[in-house]
Structure formats: C-alpha cells, structure tokens
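The listed protein sequences derive, respectively, from chains Z and C.
As numbered in this note's numbering, residues 371 to 474 make up the first sequence, in order.
As numbered in this note's numbering, residues 573 to 1223 make up the second sequence, in order.
Before any comments, here is the structure.
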Amino acid sequence: LSEAGGLDTLGAGGLSWAVHLDSLEGERKEESLTQQADAVAQAAGLVNAGRIGELQGHYLLVQPAGHRQATEVEAMRQQAEAVLARHEAVRWHSEQKLLKRAKR
Amino acid sequence: SIHFNDPKYPQQWHLNNRRSPGRDINVTGVWERNVTGRGVTVVVVDDGVEHTIQDIAPNYSPEGSYDLNSNDPDPMPHPDEENGNHHGTRCAGEIAAVPNNSFCAVGVAYGSRIAGIRVLDGPLTDSLEAVAFNKHYQINDIYSCSWGPDDDGKTVDGPHQLGKAALQHGVMAGRQGFGSIFVVASGNGGQHNDNCNYDGYANSIYTVTIGAVDEEGRMPFYAEECASMLAVTFSGGDKMLRSIVTTDWDLQKGTGCTEGHTGTSAAAPLAAGMIALMLQVRPCLTWRDVQHIIVFTATQYEDRRADWLTNEAGFSHSHQHGFGLLNAWRLVNAAKIWTSVPYLASYVSPMLKENKAVPRSPHSLEVLWNVSRTDLEMSGLKTLEHVAVTVSITHPRRGSLELRLFCPSGMMSLIGAPRSMDSDPNGFSDWTFSTVRCWGERARGVYRLVIRDVGDEPLQVGILQQWQLTLYGSMWSPVDIKDRQSLLESAMSGKYLHDDFTLPCPPGLRIPEEDGYTITPNTLKTLVLVGCFSVFWTVYYMLEVCLSQRSKASTHGCRKHSCRKGCFSRPPRRQNSKEVGTALESVPLCSSKDPDGVDSEHGDCTTASSFLAPELLRDADRNLPQNSKSDLDCPLHEPPDLLQGKDGQVC
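Spelled out as structure tokens, the structure:
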C-alpha cells in the first residue's frame, strides 16, 4: 500500500525523495534501517513508502496524501530538503523527478 | 530439418532467410540440437506484455513479471489512444513466441520462459527504474530493454543514481550471483546524427548494447554510430525492405500478429533470445562472459561504408556495426566450452585538472595520461574491456564538440561525436563516455584524449576543465586472448554441442529476494474487507442470539423465576442419555428457583434458539420443568415491566 501511495503521489503531482541511509550493523539491520527511515520521514514531514527495490539502505519518502496549494507544496519541499540535507542518518538524498524515456 | 506450422514462420527471414541465405541469425542449427532456451527466463521491461495471447501464454512466467505502473503482479498492457502499448508484446514474441501452434510466429528462444515488467506506461522516476532493473532478479536471467532517453540528437541522459546502483547491484547479485544480463537497444537517432555515447544506458559497462542492420546488411536510416556498441543484429530497414514478423497484441486494432516490428527495439530482443540460448548450454556464464563471447564471435561483414578497424587483439570493430553481426551458432558453440573470464579489474586515474581551451577545427586540444605497470600492479589488470572517460567541459554549444580517445595501441574511438541539433549551452558536467574498441588490447601505455570545436559560428571558446580515465579489464594477457580465440574457433564445428559434453558449473549464490512475502495492495484490501465483514457478521449474530434469548426468557421464564444477569450459564444438570457428551453452546438465559427458593439451573426458559439442530431443540424442551411448558410460547418484545421476574429483577 505504501509503495502504491508513493507511485500515486508522484503521478498526482506530489513530492517524493529517495534517500540513502548510513548503513547499520547488527542482526536486525533491515528492521533498524526501516525504523530509521520512518524517523527521517517523520522529521521531514514525509511518509516512508518503503525500500527501493533491492537496494539496501535506500528508501522512498513521499508527501502525505491530501490536496495542497502550490505555496504549501513549495514550503513542504523546502522544509523536506532542509531536513534531509542536514540529517545525520542521511548519506544521500534526491528529489524524484519524472524521466523522459522513449520506446525504440 | 526444422519445420513449424506457424503460418508466419516462412516470413521470419531473420530466423531463416531463404531469399538471401546467410542474412539471418543462423539459429536453425542450434534448434536442431535441441537448444531452445529451456530453463532460462527473459523479462521484457516495457509497456506490458499481453501474456494471454496464444503465442505467449504457454511460455509466460508470472513469477518473473510485475506491473510497476499499477503496482500489481499482472503486466497486461492497457489500451491507449495511440494504440501504442503493443511494444512489449512484440518484443516478447521475438524472444519466446510458441512454435507449432498454428499461430503467427516463432521466437528465437522458443523454449525459454518470457516475463513482463510494465513500467513505461506511466510516470517513470529514477527509483521506479531501480525497482524494475532488480525486479525478481533471481528468477529473471535476462532483461530486454528496448527503450532509453530521447533519440532527438540533443539529449544527454542515462540512468540516474538509483538506476546506476540497480544496474550494478543486478550484475553483482542477480541470477544467483552470476549477474543479470541487461540488453539495451542502441537507439534510433540516426537521422538526427545522434550517438549512443550520449545515452548512459547504452554506454554503460553493465549493458549489452545492440544496434541494427537491415536485411541487406546495411546500417538503417535510424541506426546510430557508437564506439560503445557491442554488436548488431537484424531489424527493419527502409520501406522497401522487410521488417520483423512477431507476435502482436490483439487489443484495440491489434490482430495478434505483426509484420511491422522494426527499429533497434526489434534488434535487442533478438540478441536477448540468443543470449538465452547461450545460457541454456552454460547457465553459469557471468555477465562479463556474455559480453566477451559476443566480442569473440560477432562477425565482420562486407560493408564499404563501415569504418572497420582491427585492433591490437585482432578484434574488428566499426562505429556502425560494433564488433559485427551476432551469430547464434557461434554464440552457442562458444558458450558451450567457455570457462569464465577472471575477476573484473579496474584502474581509475586521478581527476586531471586541465582548464585548457578547446580550439576550433582543424586545431585540437590533446591531453595525455600514461598508465604504467606500477599503476596496474595492484589490480592485476593486463588487457582491456571497456575504457571510460569522464569529462567536464564548458562550451556555449555542446553539439559542436568532438572527442576522440586513442588507446596505447593507437586505436581511435570517436566517443563524443558532433551533433548539429545539440545547442545546449551548458557543456558536459562529469559526463562519462566509453568505448569497447580497445577490447582485448594491453592496458598499459599512454592514452590520448583529443578534443576540438567543429562549430561554424564564432562563439566563446570551450574549456576542458577536468577529465578522468577509467579502465576495465582482466588479468588475461594478450596471449590468453589469442589462445581463447583459437579455442573458440575449434568449437565452431559443433562437435561440443551435444549432451555428452558439459563443463562443470559452480553452484550459484542463494540470494533471497526481499519482496518474497509482500502482499499486494489489492489482496490486502480484499482481506481487510472480508475481515471487517466477518467481524460485523459475528457481532450481529451474537447480538441477535443474545437479544432473542433475552426476550424469550423475559416473557415466560421470568414471570415465575428470578433472572440472572448474562446470557450464558452452565447447561442443566439433569440430562438424559442422549445429551451426554453433547456440547450445548446455547444455554439457559435465565436461572430458575425451585418453589422452595433454592436456585437451580433448570432452565424453563428455552435453551434453544433457531440455530440449534432440531434434536437439540427437542432435548432442550425435555429439560424444561413440567409446570412451565405452558409458558413456552413466550411472547417476544414484551415491554420491560412485563418481563420482570419474581423478585422484580429485569431479565
């Protein structure tokens, strides 16, 4: 459901970020990373849409559902960018943009 | 000796060309030896695959499939206004269309399984691409991707951070550690002077980049020249030439069969099918083994317009045709006896800061970097595979730049071709070009990068800010390369292509897929609805039983007896033989007092409800004290004051 929410969000003009979290050690590494992703998402005002495919430590954070004005969206973007840029657990982050691809 | 009853098979010239013998992929001999792709799964990453069509259904692999646009397991294409979502189905048919079903066509690897990942029919992001490239990567062996950035002659794009990570992860961990095989179409931008080195999927070291030739063996109008193209195979040409016959969708205007599949889109799946044949005979081929075998076995052929050059290792490459035409017989025979290439070794130069002007043609800027024996000692790199150059150049018109790379042997690669339509004013910012033309050559020596401005207009001069050289290869020596070439040629008679000869394969790694237990949203919603319905019905039933029992008890039992609170108590003690061992779930709602005031648990309220079996109802009646039988006809829904028991308690 969270993945679907992530895809639907982007398709409907919502914001989403991919983040790469600093790796953790230990037996329950995956669970800890997920919890960390939840925490990062919460701090940034986003929702954790889950791990990105098979890429360890990479998570998709999406804007919570709901209608917003353009100014509100921009404010959310700036806030999320600011939080993700300075969060100690985030090694890398990137706002997801639509890619143009053509069949050949 | 191979005959199929598929009506369009005779028109599949790319499989068996009777009109122009030799102008096909030379696969029939492979089929005769029962090599059909059995045990291999190829996934078409595209706009969907109509897997219900009879030419695909028997070979369809639902386990390897997914719809990322709708987030469900079924990659069926959706009808669209442009009638364009047939692309994936056509590609799929080229690979694995079922033979001898009297329908349409035959696939190159008709014994393989075909899956679909629907991802192009919706918004596509870096993260979604990354998911697609590793989807079911322990089931899917080969990913056929007949798409890429725009071929408009002015785009410079490729996989972004996550897509790159996914490609790398795929070759490292996919296919039980032997590496996913990514086959990409080199692009259709020939008319715009496009070059696949501006396409990061095509010039990636992790992908097998395939171009197209027409039935006459010439470069079609749409094909692009490229130093990082590995090989070519057949596809459609101009209007007078035949295109590829394959399965089509039958939605909207589709008929289930087409004779018009073309472009480099049609070439890449043929290559994917041939790789599937290779993997059948040797499943433990790594992703690099596959590339090596293509380089070793592709055949140069007569085309005066092509700039064939033979490199130091004896491999001939042209920017138009790569290392030449793919040949299924040669590929499979080589795969059969192939022992794995040694580990991937690499060398990365320092970031070389230049800040030098790029002069206008005929003058050029030349920068050098010497790779010494000491530089390569740690990695053990001796002979080359891919050579990559990452550059940052400022220029007011990017398409006016021309970049050439010279390997130590002197082999020249046009890695950055001028593009008249590219007027981008931002130059190149850490863009990586690559070449395969130095494959097999010695890595040690001086590499030269030559850049010039071929523009006509007097513009501000461009500046080469920095560049970096990356070499990929192995510890094979040039002698090892020669020995391998000889070994392969000895196998081309087919003498090893039988079941009695098999080289041992090491076991693969067991890599669990993390999404093995994912419930799809639709399934989850269904379960939640069923659960809610069950809970509601349970509560409703309980309430009905309680309330109906209460109302019956209050009307006849409670007139004479005090009532206890609660709907349940223990069953009556006096039981006849039939009741022994009977589990009576519905029990007296009211306890009764004997006339002398002793409580007992004889229920003269009926213990029966309409849900008890008739025999239990009869037994319940037998338990009632005689004097209350006449009160069995308890009126329902009596007003509360009439339901009060002897002691005034409300039942």
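Built from N, CA and C at the ideal position, the CB exists for glycine as well.
Problem - Continuous beta strand (DSSP E) stretch holding R1082 (chain C): start and end - result: Segment: none, R1082 (chain C) is in no beta strand (DSSP E) and carries neither H nor E.
Practice task
State yes or no: is the beta carbon of Q466 (chain Z) nearer than 8 Å to at least one beta carbon in chain C?
Solution key: The beta-carbon of Q466 (chain Z) is placed less than 8 Å from the nearest beta-carbon of chain C.
Practice task
Let me know if G830 (chain C) comes out buried or exposed under the rule of 16 or more other beta-carbons within 10 Å of its beta-carbon.
Solution key: Before going further, note that residue 830 (chain C) is Thr rather than Gly in the sequence given. That one is buried.
Handout entry: Within 9 Å of chain C by C-beta, residues of the stretch 426-446 of chain Z in sequence order
Key = Taking 9 Å as the Cβ-Cβ cut-off against chain C, the residues of the stretch 426-446 of chain Z that qualify are Q426, H428 and L430.
Handout entry: Three-state class that DSSP yields for I1225 (chain C) in the structure shown
Key = An answer regarding residue 1225 (chain C) cannot be provided, because it is not within the stretch 573 to 1223 covered by chain C.
Handout entry: Nearest-angstrom beta carbon gap, T613 (chain C) and N712 (chain C) [assumed within contact, 8 Å]
Key = Taking C-beta atoms under 8 Å as the contact rule, N712 (chain C) and T613 (chain C) qualify, at a distance of about 5 Å.
Practice task
Could you name the residues of chain C that K470 (chain Z) contacts, counting a contact when the two beta carbons are closer than 9 Å?
Solution key: The answer, in chain order, is L696, P721, D722, T727 and D729.
Exercise for the section: Can you have a look at R976 (chain C) and say buried or exposed, based on whether 16 or more other CB atoms are within 10 angstroms of its CB? Expected result: For R976 (chain C), the number of other beta carbons within 10 angstroms of its own is at least 16, and it is reported as buried.
Problem - Alpha carbon of G894 (chain C) to alpha carbon of L802 (chain C), nearest angstrom - result: C-alpha separation (whole angstroms): 5 Å.
Exercise for the section: Say whether chain Z places a C-beta atom closer than 8 Å to the C-beta of A664 (chain C). Expected result: For A664 (chain C), the answer is no, since every Cβ of chain Z falls outside 8 Å of its Cβ.
Handout entry: Proximal chain Z residues relative to T836 (chain C), where beta-carbon distance stays under 7 Å
Key = Ordered by position in chain Z, the residues that pass the 7 Å Cβ test against T836 (chain C) are R474.
Practice task
Step through the CB atoms of chain Z and report whether any lies within less than 8 Å of the CB of Q733 (chain C).
Solution key: So, interface residue.
Problem - beta strand (DSSP E) runs wholly inside the stretch 866-921 of chain C, at least 3 long, in chain order - result: Fully contained in the stretch 866-921 of chain C are the following beta strand (DSSP E) runs of length 3 or more, in chain order: 917-920.
Problem - Nearest residue (CA-CA) to L849 (chain C), options C:I1035, C:Q824 and C:I667 - result: Answer by Cα proximity: C:I667.
Practice task
Check the Cβ-Cβ distances between A450 (chain Z) and every residue of chain C, and say whether any is below 8 Å.
Solution key: A450 (chain Z) does not count as touching chain C.
Handout entry: Nearest-angstrom Cα separation, counted from H864 (chain C) out to H764 (chain C)
Key = Roughly 31 Å separates the two Cα atoms.
Practice task
Alpha carbon to alpha carbon, how far is D1002 (chain C) from A413 (chain Z)? Give it in angstroms, no decimals.
Solution key: Roughly 33 Å separates the two Cα atoms.
Problem - Inter-residue Cα distance where the pair is N927 (chain C) and C979 (chain C) - result: If I take the Cα positions, the gap works out to 22 Å.
Practice task
Measure the C-alpha to C-alpha separation of P1078 (chain C) and C856 (chain C) and round it to an integer number of angstroms.
Solution key: Near 7 Å, if we compare the C-alpha coordinates of C856 (chain C) and P1078 (chain C).
Practice task
Look up R1016 (chain C) in the DSSP assignment and give the residues it is bridged to.
Solution key: Answer by DSSP bridge pairing: none, since R1016 (chain C) is not bridged.
Practice task
Taking all protein chains shown into account, decide if W1109 (chain C) is buried (16 or more other Cβ within 10 angstroms of its Cβ) or exposed.
Solution key: Counting Cβ neighbours within 10 Å, W1109 (chain C) comes out exposed, since fewer than 16 surround it.
Practice task
May I ask you to report which of helix, strand or coil DSSP gives C1118 (chain C)?
Solution key: In this structure, DSSP gives C1118 (chain C) a helical state, which the three-state scheme calls helix.
Practice task
Output, in sequence order along the chain, the residues in the stretch 402-426 of chain Z whose CB is closer than 8 Å to any CB in chain C.
Solution key: So the close ones are R421, I422, G423, E424 and L425.
Practice task
Compile a chain-ordered list of the residues in the stretch 950-974 of chain C whose CB is closer than 7 Å to at least one CB of chain Z.
Solution key: Near chain Z, meaning a CB-to-CB distance below 7 Å, no residue of the stretch 950-974 of chain C qualifies.
Problem - Paired residues, beta bridge with N690 (chain C) - DSSP - result: The amino acid occupying residue 690 (chain C) in the given sequence is Arg; Asn does not appear at that position. Answer by DSSP bridge pairing, in chain order: C:D618 and C:D639.
Practice task
Just confirm the distance between the C-beta atoms of A840 (chain C) and A757 (chain C), as a whole number of angstroms; I'd bet it's less than 8 Å.
Solution key: Yes, they are in contact, since the Cβ atoms of A840 (chain C) and A757 (chain C) sit about 4 Å apart, within 8 Å.
Exercise for the section: May I ask you to report which of helix, strand or coil DSSP gives N769 (chain C)? Expected result: DSSP places N769 (chain C) in helix when its eight states are reduced to three.
Practice task
May I have the straight-line CA-CA distance separating A738 (chain C) from V703 (chain C), to the nearest angstrom?
Solution key: If you take the alpha carbons of A738 (chain C) and V703 (chain C), they lie about 7 Å apart.
Exercise for the section: Would you please verify whether the beta carbon of S1200 (chain C) is less than 8 Å from any beta carbon of chain Z? Expected result: With a pLDDT of 38 at S1200 (chain C), under the threshold of 50, the modelled position of this residue cannot be trusted; read the value that follows with caution. At a cut-off of 8 Å between beta-carbon atoms, S1200 (chain C) makes no contact with chain Z.
Handout entry: Neighbourhood of F793 (chain C) by C-beta, 8 Å cutoff - its chain only, sequence neighbours within 5 removed
Key = Taken in chain order, the residues that qualify are G762, Q763, G809 and D810.
Handout entry: Backbone CA spacing between T624 (chain C) and G1045 (chain C) [nearest angstrom]
Key = For T624 (chain C) and G1045 (chain C), the distance between alpha carbons rounds to 44 Å.
Handout entry: Backbone CA spacing between N598 (chain C) and D724 (chain C) [nearest angstrom]
Key = Taking the straight line from one Cα to the other gives about 33 Å.
Practice task
Flag this pair as yes or no: are the beta carbons of E974 (chain C) and R1024 (chain C) separated by less than 8 Å?
Solution key: Yes; because the gap between Cβ atoms is below 8 Å, this pair is in contact.
Problem - Segment contact flag, the stretch 957-970 of chain C with the stretch 994-1008 of chain C, C-beta cutoff 8 Å, min 3 pairs - result: Counting Cβ pairs under 8 Å, three or more are found: they touch.
Exercise for the section: Please check if any C-beta of chain D sits within less than 8 Å of the C-beta of Y709 (chain C). Expected result: This model lacks chain D altogether, as its protein chains are Z and C.
Handout entry: Same chain only: Cβ atoms within 7 Å of C663 (chain C), ignoring 5 sequence neighbours per side
Key = For C663 (chain C), where only same-chain residues beyond five positions count, the Cβ hits under 7 Å are V616, D618, S716, S718, S837 and P841.
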